[in-house]
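The sequence shown begins at 820 in my numbering and counts up by one. By construction, the Cβ of each residue, glycine as well, lies at the ideal position given by its N, Cα and C atoms. All figures in this text were calculated on a predicted structure; none of them were measured in a lab. Worksheet: one structure, shown below.
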Amino acid sequence: MVNREYWQQLSKWAGLVGILNIIFGAFSAICGVFAFIIGAIPGIIMIVLGVKLRNAKKYADEMLAEEESEGKINLILMNLNSYFMIQGILLIIALVFCALGMLGCFWAGFALFSQIPF
């Protein structure tokens, strides 16, 4: 029913990406604190995402170690679900800010060129 090789790969990659998220999140939070206090928020979010992935890795390792694994699969999926939900919300926010930035640049360019006599 459950292919153990896929769960081992999930455990390995979730662990690696989780550690990298925590490291870069801590670096981002520290740098953000020096800019503004609110600048630490993206780093804190990255740390939370890294912890979610590390939890998924932990439950995947526990699931591989024991035979009865239905409860562990639910815990893995719960952590991955919250990871993808937070990541999706961040992507939507980034797209909105990107669109607002493009509109702002277009508006500024239009205002600038309307001042130039042709």
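Residue i (DSSP reduced to helix, strand or coil)
| i | result |
| --- | --- |
| S888 | coil |
| I935 | coil |
| F925 | helix |
| F855 | coil |
Test item: CB-CB of residue i and residue j under 8 Å
| i | j | result |
| --- | --- | --- |
| W832 | A879 | no |
| G844 | G858 | no |
| N840 | M865 | yes |
Contact test: residue i Cβ vs the ligand ATP heavy atom, cutoff 7 Å
| i | result |
| --- | --- |
| N840 | This structure lacks the ligand ATP, and indeed carries no ligand of any kind. |
Cα-Cα separation between residue i and residue j, rounded to whole angstroms
| i | j | result |
| --- | --- | --- |
| N893 | M882 | 10 Å |
| L896 | L914 | 26 Å |
| E885 | M921 | 52 Å |
Are the segment 889 to 906 and the segment 923 to 930 in contact at 8 Å, needing three or more beta carbon pairs?
-> no
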